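Okay, structure first, notes after.
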Amino acid sequence: MDKAAWFLQAKYGAIIHWGLYAIPGGYWQGVRAPHGGEWIMKNHPGGIPLEEYKKLMEQFDPKAFDAEEYVRFLRDCGFRYLVYTAKHHDGFAMYDSAACDYNIMHTPYGKDTVLSLSRACEKYGLTFCLYYSQLQDWADPNGFGNDWDFDASKKDFRQYFDEKCKPQLKELLTNYGRIGLVWFDTPYEMPEEMCRELADYVRSFQPDCLINGRIGYGLGDYRQMGDRGVPLKAYHKPWEVPMTLNDTWGYRSDDERWKSPAQVIRLLAEIAGKGGNLLLNIGPDGEGNMPAAGCDVLKQVGQWLKKNGESIYATDPVPDFPYRLDTDFGCFTYSKARRRLYMHILRYPDVPPHQICVVGLKSRVGRAYLLETGEEVMCWQTYETARDEHRLRVRLPYGKAPDALDTVVAIELLDEKIETQEL
Ligand code: H79
Numbered sequence: 046m047d048k049a050a051w052f053l054q055a056k057y058g059a060i061i062h063w064g065l066y067a068i069p070g071g072y073w074q075g076v077r078a079p080h081g082g083e084w085i086m087k088n089h090p091g092g093i094p095l096e097e098y099k100k101l102m103e104q105f106d107p108k109a110f111d112a113e114e115y116v117r118f119l120r121d122c123g124f125r126y127l128v129y130t131a132k133h134h135d136g137f138a139m140y141d142s143a144a145c146d147y148n149i150m151h152t153p154y155g156k157d158t159v160l161s162l163s164r165a166c167e168k169y170g171l172t173f174c175l176y177y178s179q180l181q182d183w184a185d186p187n188g189f190g191n192d193w194d195f196d197a198s199k200k201d202f203r204q205y206f207d208e209k210c211k212p213q214l215k216e217l218l219t220n221y222g223r224i225g226l227v228w229f230d231t232p233y234e235m236p237e238e239m240c241r242e243l244a245d246y247v248r249s250f251q252p253d254c255l256i257n258g259r260i261g262y263g264l265g266d267y268r269q270m271g272d273r274g275v276p277l278k279a280y281h282k283p284w285e286v287p288m289t290l291n292d293t294w295g296y297r298s299d300d301e302r303w304k305s306p307a308q309v310i311r312l313l314a315e316i317a318g319k320g321g322n323l324l325l326n327i328g329p330d331g332e333g334n335m336p337a338a339g340c341d342v343l344k345q346v347g348q349w350l351k352k353n354g355e356s357i358y359a360t361d362p363v364p365d366f367p368y369r370l371d372t373d374f375g376c377f378t379y380s381k382a383r384r385r386l387y388m389h390i391l392r393y394p395d396v397p398p399h400q401i402c403v404v405g406l407k408s409r410v411g412r413a414y415l416l417e418t419g420e421e422v423m424c425w426q427t428y429e430t431a432r433d434e435h436r437l438r439v440r441l442p443y444g445k446a447p448d449a450l451d452t453v454v455a456i457e458l459l460d461e462k463i464e465t466q467e468l
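Throughout, my numbering is defined as the position within the sequence shown, counted from one, plus 45.
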C-alpha cells in the first residue's frame, strides 16, 4: 500500500504547539511581543537572552496537562492525526533527550510529553506525528536564528546538525513507536545535500514515516502549503494546509480571534474538495489548559463531522470542473469509491424555491439526499442546447437550513467516471 494512504484518507489533523513560550503567553516583563506566541524569544525587542529564557524551565509545571484527555478530546472532535512540537525554534525539547539537556525532564514537571502523547494516540487511534525545527534553534550556538546571544559569523551549522539535530531525530524516531510523519519547518538556506541527508536519515529509521514538504527541495512526501495558505485549485498529490484556530500557534493570552465553527467547516470542505488535509492548531497555556473558547469551536466542528464525516474523510479531489453557480452556495467534495458528489451548502438559498443550479456536470446523477438524515432531495438534470450547458438543479427543503453550519447533500452518480464540461 502507498505509504501516504493513511494521510490521504485522514483529511483532518491537529497540531499542538506547546513549549516554554506558553508560560509568558505573548508578554515578556509586561512588554507585548507581536506575532505568534512561540516566537517570543526572538520577537521581544532585542531578543530574550537565552539565560533569561531558560529560567522559564523552573516555572514549567503544567498541572492541567493530561495526554489521554487531550487525545481523547481530539479524537472526539474528529481529528485523525496529531502533530506535536517535540522541539520548536526556541530549541527546548518537550521530551527526554539524551542528546541535549535543555529539555522537559529538567523542569518541575519532569515528564516526557512525547511519550505520553504517543501512547495516548496509540490508545485512541490517532496517528502520532512530530514537529521538529531542523534549522532554527535559538538555544544552540550553532543553530540558526539566535544572533543576540551568539555570534552569527562563528556559527558552524554542520556541528549543530551532527550533534543535536540528527541525534534528537534518532531518539524521536526510535523511542516512541511508529511516527506517522515528521513535520519540518523553515529550511531557509539549508543546503540541498544536507536536506537530502536528513530525509535519508529519517527514512533509515522509519521508511514509512512521511516527511513534509518543508524538508526543502521537493524532497518531502507531500506538499506543504504556506502557513494558512489555501490553494485556489485542486492539487492531485498529497498536501496539507497548516492553519491557526485563532491568530497564533503558541499560546497567547490576548488572542481571542477564534475562527467560528462555520469557518473551520468551510475550510475543511474547501480543502478536502481540492484534495488536501487541514492541519488545525491549538496552543495550550503554561498550565496545560487548552483554551476553552478554542475547544468549544473544535467540539462543534466535531459534532458536525459525526453526522457529515462521510463527505470529508477519504474523499478525492473534485475534478476541475469550472462549474458556474447561480448562487454562491458553497463547494463540493467527492468520493470516487462511493461514486458520490457532496454538495456543501454553506449559504442556504433564503428565498423559495430553495434551489441551486450547477452548470458543468456531465455525469448522470441518480438519487440525492441530505447526508445527516437521509431525507430525499429533488434533483434533476437538463441540457440546454442553445447555451450548450449541462445543468443540475437541486431543490432543498423548504424553510431554514437543516444544518446551520453546512447542510450536505449527497448526490449519487450513475457513471463510474465523473465527467465534467469544459466551459
Ligand atoms: O510553527 C509555526 C511558526 O512558528 C512557524 N511555522 C508555523 C507552523 C514559522 N516559523 N517561521 N515562520 C513561521 C515564518 C516566519 C515569519 C517571520 Fe516573523 C517574519 C519571521 C520574522 C519575520 C513572524 C513575524 C514571526 C516573527 C515576526
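Cβ coordinates follow ideal geometry from the N, Cα and C atoms, glycine included.
No experiment lies behind these values; they were computed from the predicted model shown.
Given 7 angstroms as the limit, tell me if H80 has its C-beta closer than that to any heavy atom belonging to the ligand H79. Here residue 80 refers to the residue found at position 35 of the sequence shown. The answer is yes for H80.
Other residues of its chain near R440: CB distance less than 8 angstroms, five sequence neighbours each side excluded: Along the sequence shown, one-based indexing puts residue 440 at 395. Contacts found: P398, H399, Q400, V422, M423 and C424.
The alpha helix (DSSP H) enclosing A317, as first and last residue numbers: As a first step, residue 317 is located in the sequence shown; it is residue number 272 there, counting from the start. From DSSP, the alpha helix (DSSP H) with A317 extends over P306 to G318.
Tell me the rounded alpha-carbon separation between V76 and A413. Reading the sequence shown from its first residue, position 31 is the one you call residue 76. Reading the sequence shown from its first residue, position 368 is the one you call residue 413. Straight across, the Cα-Cα distance linking V76 with A413 is about 57 angstroms.
Coarse secondary structure for H133, derived from DSSP in three states: Sequence index remark: in the sequence shown, residue 133 carries index 88 (1-based). Reduced to three states, the DSSP call for H133 is coil.
Between the Cα of D182 and the Cα atoms of F137, D451 and W193, which residue gives the shortest distance? Sequence index remark: in the sequence shown, residue 182 carries index 137 (1-based). For the residues F137, D451 and W193, the minimum Cα distance to D182 belongs to F137.
Please return the same chain residues whose Cβ sits closer than 7 angstroms to the Cβ of G222, not counting the five positions on each side in sequence. Against the sequence shown, residue 222 aligns to sequence position 177. Result list for G222: S163 and E167, in chain order.
In terms of residue numbering, what span does the alpha helix (DSSP H) encompassing E434 cover? As a first step, residue 434 is located in the sequence shown; it is residue number 389 there, counting from the start. Element bounds for E434: not the alpha helix (DSSP H) but the beta strand (DSSP E), E434 to R440.
Tell me where the beta strand (DSSP E) around P287 begins and ends. One-based indexing of the sequence shown puts residue 287 at position 242. Taken as a continuous stretch (DSSP letters only), the beta strand (DSSP E) holding P287 covers W284 to M288.
Taking Cβ positions, are T452 and Y393 nearer each other than 8 angstroms? Numbered from 1 along the sequence shown, position 407 holds the residue referred to as residue 452. Numbered from 1 along the sequence shown, position 348 holds the residue referred to as residue 393. It is a contact, given that the beta carbons lie within the stated cut-off.
Where N326 and M388 are concerned, what is the direct C-alpha to C-alpha distance, given to the nearest angstrom? Along the sequence shown, read from residue 1 onward, the residue named residue 326 stands at position 281. Along the sequence shown, read from residue 1 onward, the residue named residue 388 stands at position 343. Their backbone Cα atoms lie some 26 angstroms apart in a straight line.
Over the uninterrupted beta strand (DSSP E) stretch that includes L175, give me the two end residues. As a working mapping, residue 175 is identified with position 130 in the sequence shown. Element bounds for L175: T172 to Y177.
Are the beta-carbon atoms belonging to K48 and N322 less than 8 angstroms from one another? Here the question's residue 48 lines up with position 3 in the sequence shown. Here the question's residue 322 lines up with position 277 in the sequence shown. With contacts defined by Cβ atoms closer than 8 angstroms, K48 and N322 do not form a contacting pair.
Given a cut-off of 8 angstroms, decide if V342 and I469 are closer than it, judged by their beta-carbon atoms. The question about residue 469 has no answer here: the residues shown for the chain are numbered 46 through 468.
Can you tell me whether E83 is buried or exposed? The criterion is at least 16 other CB atoms within 10 Å of its CB, across all chains shown. The residue labelled residue 83 in the question sits at position 38 within the sequence shown. Buried.
Could I get the ranges of all uninterrupted beta strand (DSSP E) runs contained in the stretch 236 to 299, with 3 residues as the minimum, in chain order? 284 to 288
Just to confirm before moving on: does the CB-CB distance between K344 and E417 stay below 8 angstroms? Here residue 344 refers to the residue found at position 299 when the sequence shown is read from its first residue. Here residue 417 refers to the residue found at position 372 when the sequence shown is read from its first residue. Cβ atoms of K344 and E417: not closer than 8 angstroms.
Report back the beta-carbon spacing between Y154 and F105 to the nearest angstrom; my notes put them in contact at under 8 angstroms. Here residue 154 refers to the residue found at position 109 of the sequence shown. Here residue 105 refers to the residue found at position 60 of the sequence shown. The pair is a contact, with the Cβ atoms about 5 angstroms apart (cut-off 8 angstroms).
Kindly indicate which residue of I85, R120 and H89 has the alpha-carbon position closest to the one of Q348. For this step, residue 348 is matched to residue 303 along the sequence shown. Distance check between Q348 and each of I85, R120 and H89 places R120 closest, using alpha-carbon atoms only.
Within 10 angstroms of its Cβ, does D157 collect 16 or more other Cβ (buried), or is it exposed? Position 112 of the sequence shown holds residue 157. With 16 or more other Cβ atoms within 10 Å, it is buried.
Could you give the distance in angstroms between the alpha-carbon of E467 and the alpha-carbon of H435? One-based indexing of the sequence shown puts residue 467 at position 422. One-based indexing of the sequence shown puts residue 435 at position 390. Rounded to whole angstroms, E467 to H435 spans 10 angstroms at the Cα level.
Member of A67, W51 and A59 whose CA lies at the smallest distance from the CA of D300: Sequence index remark: in the sequence shown, residue 300 carries index 255 (1-based). Checked all of A67, W51 and A59; the closest Cα to D300 is A67.
For the ligand H79, is there any heavy atom lying closer than 7 angstroms to the beta carbon of P287? One-based indexing of the sequence shown puts residue 287 at position 242. It does: the Cβ of P287 is within 7 angstroms (strictly closer) of some heavy atom of the ligand H79.
Would you say the beta carbon of D272 comes nearer than 7 angstroms to a heavy atom of the ligand H79? Indexing the sequence shown from 1 puts residue 272 at position 227. The answer is yes for D272.
Please indicate yes or no: does the CB of H133 lie closer than 7 angstroms to some heavy atom of the ligand H79? Numbered from its first residue, the sequence shown carries residue 133 at position 88. The answer is yes for H133.
Please confirm whether V275 and L312 have their CB atoms less than 8 angstroms apart. Taking the first residue of the sequence shown as position 1, residue 275 is located at position 230. Taking the first residue of the sequence shown as position 1, residue 312 is located at position 267. It is a contact, given that the beta carbons lie within the stated cut-off.
Please classify S305 as buried or exposed, where buried requires at least 16 neighbouring CB atoms within 10 angstroms. On the sequence shown, residue 305 is found 260 positions in, with the first residue counted as 1. Burial check for S305: the Cβ neighbour count within 10 Å stays below 16, so the residue is exposed.
Limits of the unbroken alpha helix (DSSP H) element including M102: Start at 1 with the first residue of the sequence shown, and residue 102 comes out as number 57. L101 to Q104 is the span of the alpha helix (DSSP H), which, as asked, contains M102.
Which same chain residues, not among the five before or five after A338, have their C-beta less than 6 angstroms away from its C-beta? As a working mapping, residue 338 is identified with position 293 in the sequence shown. Same-chain partners within the cutoff: W303.
Residue environment, K199, which counts as buried when at least 16 other CB atoms sit within 10 Å: By 1-based counting over the sequence shown, the position of residue 199 is 154. So K199 counts as exposed.
By alpha-carbon positions, which one of C210, T219 and D330 ends up nearest to G188? The residue you call residue 188 lines up with position 143 of the sequence shown. Answer by Cα proximity: C210.
Mark T293 as exposed unless 16 or more other C-beta atoms lie within 10 angstroms of its C-beta, in which case mark it buried. Reading the sequence shown from its first residue, position 248 is the one you call residue 293. So T293 ends up on the buried side.
Spell out the partners DSSP gives V422 in its beta bridges. Here residue 422 refers to the residue found at position 377 when the sequence shown is read from its first residue. For V422, which the question treats as bridged, DSSP gives no partner whatsoever.
So, S380 versus I463, is the Cβ gap smaller than 8 angstroms? Taking the first residue of the sequence shown as position 1, residue 380 is located at position 335. Taking the first residue of the sequence shown as position 1, residue 463 is located at position 418. Contact: no.
Quick check on DSSP: helix, strand or coil for E429? The residue you call residue 429 lines up with position 384 of the sequence shown. In the structure shown, E429 sits in a strand (DSSP, three-state: E or B).
Could you have a look at A49 and say whether DSSP puts it in helix, strand or coil? Indexing the sequence shown from 1 puts residue 49 at position 4. Coil at A49, not helix or strand.
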